[in-house]
Structures are given as structure tokens and as C-alpha cells.
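Using our numbering, you'd call the opening residue of the sequence shown number 53 and step up by one each time.
Beta carbons are placed, not taken as given, at the ideal position from N, Cα and C, and that holds for glycine.
What follows is a short report on a single structure.
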Amino acid sequence: MHLTAKIEEWLNSFFGDDRRRSVGSGWISGTLSIVLGILALCSVLAVRFPQWLTVPELRDRYPLELVRWAIDLGILASLLLAGLSMILRRKKTLGITGLLFAAGALALGAGNVPLGSSLGDSIYLGLDWFVLGVLSTATLFVPMERAFPLKHEQSAFRIGWLTDAQYFFMSHALVQMMSVLVLLPVVNLGGMLAVTKVQQFVVILPLPVQFIACLVIADFVQYWVHRAFHRVPLLWRFHRVHHSVRAMDWLAGSRLHLVDVIITRGLVLLPLVLLGFDELAIFAYLGFVSFHAVFIHANFAPRLSWLERWIVMPRFHHWHHARESKAIDKNFAVHLPWIDRIFGTKYLPHDKWPSSYGIVGERAPDGYLNQLVWPFNR
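See below:
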């Protein structure tokens with residue numbers, strides 16, 4: 053058993069017991085206490101060391117007083133929830149851990165922490181981007197999955213959750229490196245391959261039309277890139293990391309190898325820049341992708357059959373991750389399922405969901421670093 057799996061097993065044992073985890077058990081309040089304590093601690097560190105722990109493009113845009121107020125509110129909520137958990141739950145480890153994280157944020161200055169210098173930002177970690185990522189995705193998708201789950205028995209701390217949490221953190225913390233590598237083909241080829249006449253036409257289109265065009269073009273390109281990652285053995289070695297998830301939820305979509313991310317996002321972004329789409333349209337597309345790519349992996353049961361024809365819903369993408377033989381190498385589109393219909397790769401049996409997920413005949417090692425080197429192993 054790999055170290056990450058051992059740590060995950062220990063965490064589940066350390067915090068868990070034989071009591072229920074429903075409302076009123078102290079489990080939810082204790083877990084929220086830990087999450088808020090961690091976010092508060094990360095926020096305090098980001099304010100204290102902005103030159104190393106924040107994204108330069110965002111530093112001057114933060115309303116500092118509001119950030120300080122939010123930190124204090126997060127610490128207070130963490131303390132109250134920790135106390136509630138310790139009252140309701142026989143085992144006090146959740147509440148005590150939440151108290152410790154909140155106490156750490158308090159000890160470092162809480163909302164009154166002095167603002168550090170913004171100079172020397174050549175190399176940084178996006179700790180602020182991680183906090184924003186948790187607040188914008190977990191707060192939306194975790195309650196949604198709890199309210200309308202596909203698999204009621206599946207816990208948020210299912211097998212593999214720690215590996216996927218590492219991916220979620222690293223994808224935000226390494227935002228500088230990922231941005232540079234993803235934009236590399238755009239920077240090098242943008243000027244040479246720019247389609248001037250098309251750009252002149254694109255620039256006069258209304259922004260909503262540009263957004264729709266971005267979505268169609270990007271998903272068309274991603275369809276073929278995605279298909280290549282399944283068909284070319286060398287590329288599959290990296291993409292199989294994503295398919296190694298054995299339980300689908302909002303966090304599972306974070307499991308993507310760095311090489312997979314760089315190649316796919318770089319090639320998808322390239323035509324949008326070459327064709328001259330407005331930055332606002334591209335940012336709107338990126339904002340849509342950041343939520344929709346999470347949603348299609350969610351442990352979410354509701355579906356609208358009429359909408360499934362035009363927009364990828366969780367059931368469509370779950371079949372892409374399925375182990376059933378008929379579903380292998382199907383449903384490559386990420387946003388627009390009719391692209392798969394056109395090219396004959398759609399598989400969506402009526403009113404059925406996959407029975408299991410993962411790679412047939414293989415099992416990936418646990419942990420971000422182990423999976424980072426896995427494709428290079430013989």
C-alpha cells in the first residue's frame with residue numbers, strides 16, 4: 053500500500069467512528085470547522101507573504117478590508133462549528149482539529165495580520181487561487197451532491213479522495229507553471245498563424261455569439277485531442293491517470309496528469325487566440341469550463357433528457373469513465389454531446405448509469421507524485 057493510501061486510511065480511522073454522519077451528528081459541523089480553519093490559515097499566510105503565495109494579477113484587485121473581515125468571520129465560524137461538533141459527537145477529534153487550525157490562524161494574526169511586500173513575485177504559489185477554488189466549487193458541488201446523489205452510500209471521503217485532493221491543491225498552487233506552459237504554443241505561434249481575415253469578421257460579432265463560437269470550436273478541437281489521448285499509446289500513458297478514478301464526484305475531475313493538462317489546454321486555447329476572439333469571450337468560456345468540467349464528474353443523479361442532447365450532463369461523461377466494454381473509447385466531447393453523435397462515438401443507453409469506473413486490467417498508484425511519474429515507468 054502506498055503512503056497516500058495509508059494516510060487516507062489513517063485519516064478515515066482517526067476522524068471516523070461507528071456513528072452516523074448525518075445532520076445533527078456533529079460530523080458535518082466538525083468537517084466544516086476543519087475546512088474553514090484551513091482556508092483561514094491559508095488566507096492569513098497569503099496576506100502575510102503575498103509575494104510568494106498569491107497570483108500577481110489578483111493582488112491589487114483584492115478589497116483588503118473585506119478579506120480581513122472574511123478571515124475573522126471564517127475563524128469565528130470554525131471555532132463555533134468545532135464547539136458544536138464536540139458537543140454532538142462522542143469522538144472529539146474533528147472538533148479539536150478544527151480548533152487547532154483556527155487557533156493557528158489566530159496565532160499568526162487573523163484578520164489583523166500585517167500585509168507583506170508584493171515585490172519579488174517572479175516565482176510564486178497560488179495559495180489565494182486555491183482558497184478561491186475551494187470557495188467557488190466545493191461550496192457549490194458538495195451540498196448539491198449531498199442533496200441529489202447518484203450513489204447515496206458514497207461518502208465525500210471515498211477511496212482515493214486524498215489523491216484527488218492533492219490534485220485539486222496542486223492544480224491551483226502551480227497556476228504559474230501551468231499558465232506559462234499552456235500559453236507557450238499560443239505565444240510562439242499566435243503571431244505567425246493569425247488568420248487576419250477571420251479575425252476581422254470575428255471581432256464584429258456580439259460577445260454572446262463569440263462565447264458560443266468559442267465553446268463549439270474549443271470542444272471540437274478538444275474532441276480530437278481527447279480522442280488522440282485514447283488512441284495513441286504514448287498519450288494514453290498520461291491520460292489513463294484521469295481514468296484511474298474509481299468513484300465519480302466533483303473532486304474526481306481534478307485528477308489530470310500535468311502533461312495531459314498542458315497539451316490539451318494549450319491546443320484548445322490556440323485556435324481561440326488565432327481566430328481573434330475577444331478576451332472577454334475567452335474568459336467567459338474559461339469560466340464556463342471551470343464549473344462544467346467539475347459538474348460532469350459529479351455524484352449527481354438528476355437529468356433532463358432534452359438537455360442531454362445538447363449539453364454534456366454527468367450521465368454522459370460517467371459513461372466515458374465506465375468499465376463496461378461497450379463504453380470504452382466513447383463520449384469524447386466534454387461539453388457538446390452532438391459532436392460524438394456526428395462522429396459515431398456516442399454511447400448513452402437509455403436511463404442507465406455505469407456499474408463501475410476505472411481502467412480495465414490496470415490500477416494506478418495512489419498519490420499525486422506517484423501518479424506524476426507513473427507514465428514514465430516501464
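query	result
Alpha helix (DSSP H) segments (min. 4 residues) lying fully within the stretch 62-120	79-100, 102-105 and 108-111
Where the alpha helix (DSSP H) through residue 204 begins and ends	Unbroken run through residue 204: none, as it is neither H nor E.
Selection from 270, 371, 291 and 118 that minimises the alpha carbon distance to residue 320	270
For residue 154, the three-state DSSP class (helix, strand or coil)	helix
Beta-carbon gap between residue 155 and residue 124 smaller than 8 Å	no
Residue 323, enclosing alpha helix (DSSP H) - first and last residue	310-326
Cα-Cα separation between residue 332 and residue 395, rounded to whole angstroms	31 Å
Nearest candidate by alpha-carbon position, reference residue 328, set 352, 88, 252 and 203	252
Assigned secondary structure, residue 374 (DSSP; H/G/I helix, E/B strand, else coil)	strand
Exposure of residue 175, with buried meaning 16 or more beta-carbon neighbours within 10 Å	exposed
Start-end ranges of the alpha helix (DSSP H) lying completely within the stretch 139-196, minimum 4 residues	145-159 and 179-185
Status (buried if at least 16 other CB within 10 Å, exposed otherwise) for residue 79	buried
Spatial distance of residue 351 from residue 429 (CA atoms)	32 Å
Rounded straight-line distance, which links the Cα of residue 415 to that of residue 380	16 Å
Limits of the unbroken alpha helix (DSSP H) element including residue 333	331-347
Cβ separation of residue 224 and residue 182, assumed to be a contact under 8 Å, to the nearest whole Å	4 Å
Three-state secondary structure (DSSP) of residue 275	helix
Beta-carbon proximity check, residue 76 vs residue 177, cutoff 8 Å	no
Nonlocal neighbours in the same chain, by C-beta distance under 7 Å from residue 304, ignoring five residues either side	216, 297 and 349
Environment of residue 335 [buried if 16+ CB atoms lie within 10 Å]	exposed
Three-state class that DSSP yields for residue 409 in the structure shown	strand
Beta-carbon proximity check, residue 308 vs residue 60, cutoff 8 Å	no
Beta-carbon proximity check, residue 375 vs residue 365, cutoff 8 Å	no
Three-way DSSP call (helix, strand, coil) for residue 362 in this model	coil
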